[in-house]
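Reviewing the structure listed below.
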Amino acid sequence: MNFHLVSLGVSMLRRDWRAGEWRILLLALLLATGSISTVGLFSDRVKQALQQESHALLGADLRVTSVRPVSPDYREEAIRLGLRVSATANFPSMLSTDSHNLLGEILAIDKGYPLRGALRISDHSNDTDTLHDDGKIANTIPERGTIWADERLFRRLDVKLGQSIQVGNLKMRLSERVVKDVDQALSFTSIAPRIQINMADLPATGLVQEGSRITYRLLVAGNAQAVAKFRQWAEPRLQNGEKLEDVRDARPEIRQSLERADHFLGLAALMTYVLAGIAMALAARQFISRHLDACAVMRCLGATQNQVMGLFLYQFILLGLAGILLGCLIGWAVQAILVASVQSLQAANLPSPGLMPVIQAGLSGMTLLMGFTFLPLWQLKSVTPLRVIRRELGPPNRNTGLMYAIGGSVLIGLFVWQAGSIKLGLTVLAGLGGGMTLFGLIAWFSLRLLSRLPMSNRHLFTNLARHGKANAIQIVALSIGGMSLLLLTLVRSELMQNWIERLPPDAPNRFIVNVQPEQRVAVQQFFIRQGLPQPSLSPMVRGRLIAINGRPVKGDDYPDSRARALAERETNLSWSADVPAGNRVVQGSWWHSATGGVNEHEISMEEGIATTLGIKLGDTLAYDIAGDEFQGKVTSLRKLRWDSMQVNFFVMTAPGLLDNYPASYISSFYLPRDKLRSGDALLKAFPNLLVIDTEAIIRQVRHIMDQIAQTLGAVFMFTLLSGLAVLYAALLATRDERVLQAAILRTLGADSRYLHRQQLIEFALLGTLSGLLAAAGAAGLGWILARNVLEIHFSAPATLWLSGLIGGMAIVMLAGWLVMRKIVKLPPLIILNT
Amino acid sequence: MAFIVQAINLGKQVSSGGQPLHILHDVNFNVEAHESLAILGASGSGKSTLLGLLAGLDVPTQGTVMLDGNDLFQFDEDQRARLRGRLAGFVFQSFQLLPALSALENVMLPLELQGQDHAREQAAEVLEKVGLAHRLTHLPKHLSGGEQQRVALARAFVSRPKILFADEPTGNLDAATGTQVIKLMMEMNRTQGTTLILVTHDEALANQCDRQLRLLGGKLVQD
Ligand SMILES: Nc1ncnc2c1ncn2[C@@H]1O[C@H](COP(=O)(O)OP(=O)(O)O)[C@@H](O)[C@H]1O
Ligand SMILES: [Mg+2]
Chain A
2 MNFHLVSLGV SMLRRDWRAG EWRILLLALL LATGSISTVG LFSDRVKQAL
52 QQESHALLGA DLRVTSVRPV SPDYREEAIR LGLRVSATAN FPSMLSTDSH
102 NLLGEILAID KGYPLRGALR ISDHSNDTDT LHDDGKIANT IPERGTIWAD
152 ERLFRRLDVK LGQSIQVGNL KMRLSERVVK DVDQALSFTS IAPRIQINMA
202 DLPATGLVQE GSRITYRLLV AGNAQAVAKF RQWAEPRLQN GEKLEDVRDA
252 RPEIRQSLER ADHFLGLAAL MTYVLAGIAM ALAARQFISR HLDACAVMRC
302 LGATQNQVMG LFLYQFILLG LAGILLGCLI GWAVQAILVA SVQSLQAANL
352 PSPGLMPVIQ AGLSGMTLLM GFTFLPLWQL KSVTPLRVIR RELGPPNRNT
402 GLMYAIGGSV LIGLFVWQAG SIKLGLTVLA GLGGGMTLFG LIAWFSLRLL
452 SRLPMSNRHL FTNLARHGKA NAIQIVALSI GGMSLLLLTL VRSELMQNWI
502 ERLPPDAPNR FIVNVQPEQR VAVQQFFIRQ GLPQPSLSPM VRGRLIAING
552 RPVKGDDYPD SRARALAERE TNLSWSADVP AGNRVVQGSW WHSATGGVNE
602 HEISMEEGIA TTLGIKLGDT LAYDIAGDEF QGKVTSLRKL RWDSMQVNFF
652 VMTAPGLLDN YPASYISSFY LPRDKLRSGD ALLKAFPNLL VIDTEAIIRQ
702 VRHIMDQIAQ TLGAVFMFTL LSGLAVLYAA LLATRDERVL QAAILRTLGA
752 DSRYLHRQQL IEFALLGTLS GLLAAAGAAG LGWILARNVL EIHFSAPATL
802 WLSGLIGGMA IVMLAGWLVM RKIVKLPPLI ILNT
Chain B
172 MAFIVQAINL GKQVSSGGQP LHILHDVNFN VEAHESLAIL GASGSGKSTL
222 LGLLAGLDVP TQGTVMLDGN DLFQFDEDQR ARLRGRLAGF VFQSFQLLPA
272 LSALENVMLP LELQGQDHAR EQAAEVLEKV GLAHRLTHLP KHLSGGEQQR
322 VALARAFVSR PKILFADEPT GNLDAATGTQ VIKLMMEMNR TQGTTLILVT
372 HDEALANQCD RQLRLLGGKL VQD
């Protein structure tokens, strides 16, 4: 590096700064780094908050689940990392009173349980009105010698508080009625009523023996980074029969909503990158074309090509560093303000954001700056010194296409880095690039067409058409800016509304499990009698995957603990003639024949689980169902909308194939608050049913949606600013040319009224075209988002087109008038001379 | 004795609208050190083109230029630039001051580009000589045309060049101001012993030089 050149760069930067030449470039840079760091920091924390809240459904941030007592190493490491820990053990066991016996589920809990969320116990001793009872938070665990139990046990053992129940060798006193336990909604497998006992009583029950089916859990919770560290530490140490679980592993509804939140925030970041890049490219272009003369003079005064380029390169780097530093500070501050202003984030008591998003923003800002400005800088080298005598020598042949290609590659790189998905990055950018090219072509053709129309004041348009390429580029830039504005305002609210509406107020909030075939009609009739909508009962049989293409499936074959758990667990298989609502076949096709293949059974599988287990279309699967083997071929893969809260099945067949296996029925339904008694009555009428309250999950999914809707507004404010910066830069870009042209027209006798009119008509036309293209772009992007990210229906509201049209025209005319106002009045000689 | 500038069979051909166009044809002349030479000719006769070639701002299609014993067009762009930095100063019709730089900074620029120390002091000194000691911090747009051209003169002389190239230095100035600027230029030329190559269409101005060459349609003609 040439030190002398650097110091000259510094003083040039200072001088140019004084002259205001850097303002727009710095503004672009500040907005870029500011918004990238805000989006990065903020979305990071929002995700953490959402995740933390979701953890209340699990009672912990992470669980180590094992078939043996969990090795104390895990606990020690968790404590070392500053995490809170607790433990549980659960298993089925006979519970008895003098008159009744019942298979129940015993959950032995330790101090601190649950680490997230709350165990709620009834606060009235009167045991009639239980379903209306929200209870109170139990701040303790059962005392030694006592048990807590849920409503089903009271009913089925016909006991009251204070009575004793035999648990193994111990006679224990029933001391509390549990209204809600944390992970109640999480597993459909614990069909038996649950009792909670103190962990310290467990040995004395004598139930812990060789061969008892006990699930041991270590619960951990705390600082998200520490939890992540713990996960990292624990993952490779997992033994056979041990697994790690967080709420994503446990609940697909939550996982899907969180993923959508991720996608959305990621897209906001990408959008910011794109806008920032364009703003910088425009600003740099403008800056450089204003400095061509200076380059020529310096070449004349003896500067070499590299000196000229280096001088500007150093200035860009210096400016970049300053802008980035400032931008990151702004990002940090804005993010802090945002967090403080969103109540639930405050309450979540988040760990302070990491430095990583800031560093990432800084690097991204610099990369964008260099990516979009290096080529024009490089081309400064070839400015001929002859320009000092022959002004009409234009700028060196600028290869705009190459510049945007380089910029595009930088964007792809950044996006891959940010989102970790090459495919997504390429898709989005290809779409964007294609869209921009299309916009440019449409703009160019429209301008040419207008100038050929047989109209009296056609000459007003010829001018626009003459600079067709430059104006087309300007229109593209204006429409990208406008598109971001429309997308973030109109389209966003429309999308959010449709998304939230998909989970209507009467979305199912109860699941009924274990309806026996002979109970189906009675259950249906019960619903009719209670004035509830009839539930549709889906059949299911439980089976375990034993072979894929004849190769036996062993949990140990899967390195991933989630896959291992899936491979070892029983799955619910169901059947249906038609594709169930909320399911979408994404590969293969639904049953080829009405019978779903009598000779060769057809299986339809959920896409995610197939990927996790390494199952592809056309694979032959074997299930062990109640001791028999069932074989079939995977002929379709489905995507499920988990967050619709409907009953969903990973594995389905055509009707008739599973008739010989023992089936039970499952359904989901909406139980209004004023009909809670009906739920109670249902259990009284059919004691074997398990009714699972999924209200908590729905509430969490709704909450995630609300949070995204709210926080996106805040995050997008920044993207919006970037969009405005693009608009501003795009208008400034042609200002110098317009100034010159106005001066020439004035010397030729045009008065300022004529000039004004001509400029305004030009701006109106540019604005209208840009506005329409912006609306089209926003509608297109909205549609893609709706289809691929949110999986909802979307149609562009009429206001979108109207706002694009009128807004585009108004904004561009107003801004154009502001930019040109003074110029039209200046005496032409001053302009021509400077 | 050696000539400081030699034009040897110098020619420039461009293609304009597909047609080859000879802007400059077989130009030969020599200039001695400390001499002042005027290149006269009507507008469009090729004066600026010739000046550009002599200073190595452009490349000829034929012939060459020897500058202080260096064959300009054996050099590459950067070597020519360095040679210019060492040997030449420029004054243009349109001043060519950098708009973002103050008068002083404009004059400092050639020294800074060469990495010289004390640029500020030297520049201030020369600006004082051209009578602008009180306008050091002013931006070009706040200076009159005559003042701007005086700043340009200071910038041209600050690096103590052997040759000064001037292209219609009074072209954008009124008569009185133009005379002042020329007087100043001639004086500095004398005191620094600079070789002057002046392009003009003004006979009176040309007559102040030691020698005159006349261009007509891109060819040198004898007086
Ligand atoms: N690159 C070029 N392409 C086409 N024509 C040129 C080019 N450079 C110069 N000319 C033409 O050559 C002629 C001489 O130009 P110039 O040297 O600027 O004349 P002068 O300085 O004497 O007015 C002019 O007619 C000019 O238009
Ligand atoms: Mg000329």
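So the protein sequences, as listed, match chains A and B. To convert, note that position 249 of the first sequence is 250 in my numbering; the numbers rise steadily by one, no gaps. To convert, note that position 213 of the second sequence is 384 in my numbering; the numbers rise steadily by one, no gaps. Quick reminder that beta carbons are idealized off the backbone N, C-alpha and C, glycines included. Here the structure is a predicted model, which is why all the values come from computation and not from measurement.
Chain order is used for the residues whose beta-carbon lies nearer than 5 angstroms to a heavy atom of ligand 1, namely B:VAL185, B:SER187, B:ILE194, B:SER214, B:GLY215, B:SER216, B:GLY217, B:LYS218, B:SER219, B:THR220.
For the pair A:ILE318 and A:LEU14, the Cα-to-Cα distance works out to about 10 angstroms. Secondary structure in the region 536-581 of chain A: the alpha helix (DSSP H) runs of 4 residues or longer, each lying completely within the stretch, are 562-569 in chain order. Taking non-hydrogen atoms of ligand 2 into account, the C-beta of B:ASP338 is found less than 7 angstroms away from one of them.
If you compare the alpha carbons of B:GLY316, B:ARG321, B:LYS312 with that of B:GLY302, the shortest gap goes to B:ARG321. Under the three-pair Cβ rule at 8 angstroms, the region 724-743 of chain A counts as touching the region 482-492 of chain A. For A:SER637, the enclosing beta strand (DSSP E) starts and ends at 629-641. Taking a cut-off of 8 angstroms for Cβ pairs, the region 577-587 of chain A and the region 514-530 of chain A do not touch, as fewer than three such pairs fall below it.
Going by DSSP, A:GLY482 is part of the alpha helix (DSSP H) stretching over 469-487.
8 angstroms or more divides the Cβ of B:LEU269 from the Cβ of B:GLN319.
Under a criterion of Cβ atoms nearer than 7 angstroms, the residues of chain B adjacent to A:LEU387 are, in order, GLY223, LEU228, ASP229. Annotated three-state conformation of B:THR371 is strand, per DSSP. Within 10 angstroms of the beta-carbon of A:MET404 lie 16 or more other beta-carbons, which makes it buried. When DSSP reads this structure, A:LEU51 sits in no beta bridge, so it has no partner. Here A:PHE446 is exposed: its Cβ has fewer than 16 other Cβ atoms, across all protein chains shown, within 10 Å. Counting along the chain, A:ILE338 sits inside the alpha helix (DSSP H) bounded by residues 306-342. Residue-level contact check: B:GLN285 touches chain A, since one or more beta carbons of chain A fall below 8 angstroms from its beta carbon. Using beta-carbon distances, B:ALA337 does not count as an interface residue toward chain A, since no partner is under 8 angstroms.
In summary, the residues of the region 303-318 of chain A whose CB is separated from some CB of chain B by less than 8 angstroms are GLY303, ALA304, THR305, GLN306, ASN307, GLN308, in the order they occur in the chain. In the structure shown, A:ILE443 falls within a helical segment according to DSSP collapsed to helix, strand and coil. Each of A:LEU741, A:ASP507, A:GLN308, A:TRP500 was checked against the Cα of A:LEU9, and the nearest Cα belongs to A:GLN308. One alpha carbon belongs to A:ILE443, the other to A:ARG703, and they sit about 42 angstroms apart. At least one beta carbon of chain B lies nearer than 8 angstroms to the beta carbon of A:ARG300. Annotation for B:THR348: the continuous alpha helix (DSSP H) segment containing it runs 346-363. In this structure, B:ALA377 and B:LEU211 form a Cβ contact; the two beta carbons are roughly 5 angstroms apart against a cut-off of 8 angstroms.
The alpha carbon of A:LEU30 has as its nearest neighbour, out of A:ILE476, A:LEU51, A:MET371, the alpha carbon of A:MET371.
With a cutoff of 8 angstroms on beta-carbon distance, A:LEU756 and A:LEU488 are scored as not near each other. Under the Cβ criterion of 8 angstroms, A:ARG16 is counted among the residues facing chain B.
Residue A:GLN52 holds the alpha-carbon nearest to the alpha-carbon of A:GLN701 among A:GLN52, A:GLY35, A:ILE25, A:ALA787.
For a Cβ distance threshold of 7 angstroms, residue set LEU269 of chain B lies close to A:ALA295, ordered along the chain. Excluding its 5 nearest sequence neighbours in each direction, A:PHE651 has C-beta neighbours in its own chain below 6 angstroms: THR572, GLU607, ILE610, listed in chain order. By the criterion of at least three beta-carbon pairs nearer than 8 angstroms, the region 275-282 of chain A is not in contact with the region 213-232 of chain B.
Contact between A:HIS5 and B:GLY286 holds: CB atoms are separated by about 4 angstroms, below the 8 angstroms threshold. Closest option to A:GLU211, judged by alpha-carbon separation, among A:SER539, A:ALA222, A:GLU254, A:ARG69: A:ARG69. Minimum Cα-Cα distance from A:GLY436 among the listed residues A:GLU630, A:ILE474, A:ARG85 corresponds to A:ILE474.
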